[in-house]
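Scroll down for the structure; my scribbles are underneath it.
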Amino acid sequence: MRLAEAEDQAAKHVLLDLCCGPGRCTIALAKRGFSVTGRRSNEASLEQGAGKIQSRAGRDSVGPAGLRHFVRPGTFDLVISMFTSFGYFDNKADDLTGLKNMFMSLRYGGICLVDVMGKEVLAGILQHTISDRLPDGRTFIQRHEVFDEWTRIRNEWLLIRKDEVKRFTFHHTVYSGQELQDRIEQVGFTDVILYGNLDGDEYGPNAKRLIAVGRKHKA
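Numbering (the numbering used here), first residue to last: 6 to 224.
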């Protein structure tokens, strides 16, 4: 297929990148000719990404409104949530709200993809404290604590340069493969398949990630 034909085919697919941050995936997809919409609740963090995406293709867009609030019924062919952007709400019921919004925003036949760090993977690699020296000379310390009967993980990041310390804290829900599949199916997705990485390997003992893919079929 010629490059122009490939770009034309890509442009026919409309994608939604939820919790897109500065647009890492959104920009990569836009470069390949897809019509992409990126959404995240924190508007300030999107400014840089929005400029880059709009410079790639005028039809692409980035803006505020995340999992709990963004719905565009029957609009997208693919909805993605990448790099463990799913599960950060204090109320776990909000995760279901986000999945319902993804389902509603898809056309019939559309696909959702949720990429997280699976509970099974995390249990095998979790270290309570990790320390690294960054190229700019700062020390980066990560502290992790599992709580709420192994359903949530609390994270603290410390960036240290001499006497200056910057601290970031956040926590999120961790899902096993079965738990995530159950929730995706609960909102209406079918044919849900779990993968252990973005290459499509099975979700098993050697998994690096938990990638859940579901499809919206006609009722």
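Glycine included, each C-beta is placed from N, C-alpha and C at the ideal position.
Computed from a prediction, not measured in an experiment: that's the story for all the values here.
Check, Outcome
"Mind checking which residues open and close the beta strand (DSSP E) that includes Ser110?", "That residue, Ser110, is in no beta strand (DSSP E); its alpha helix (DSSP H) goes 98 to 110."
"Where does Val179 land, buried or exposed, given buried means 16+ other C-beta within 10 angstroms?", "buried"
"Can you tell me whether Leu34 is helix, strand or coil according to DSSP?", "helix"
"For Leu131 and His149, what's the separation of their Cα atoms in angstroms?", "8 Å"
"Within the same chain, show all residues whose beta-carbon is closer than 6 Å to that of Asp228, passing over the 5 residues directly before and after it, in chain order.", "The shown model of the chain, from 6 to 224, leaves out residue 228, and the question about it has no answer."
"Secondary structure at Leu127, three-state DSSP: helix, strand or coil?", "helix"
"Are Gly76 and Asn96 closer than 8 Å when you measure CB to CB?", "Reading off the sequence, residue 76 comes out as Val, not Gly. Going by C-beta atoms, Val76 is not nearer than 8 Å to Asn96."
"Rounded to the nearest angstrom, what separates Gly114 and Arg188 at their Cα positions?", "19 Å"
"Closer than 7 Å by C-beta to Leu4: which residues in its own chain qualify, once you throw out the five before and the five after it? Chain order, please.", "No information on residue 4 is available, as it lies outside the stretch 6 to 224 that the chain covers here."
"Are Gly79 and Arg45 close, meaning C-beta to C-beta below 8 Å?", "no"
"What beta strand (DSSP E) runs, 3 residues minimum, are completely inside the region 168 to 216?", "169 to 178, 195 to 200"
"Taking DSSP as the reference, what is the three-state secondary structure of Arg45?", "coil"
"Leu21 and Val84 look like a contact to me (Cβ under 8 Å); what is the Cβ gap, rounded to whole Å?", "5 Å"
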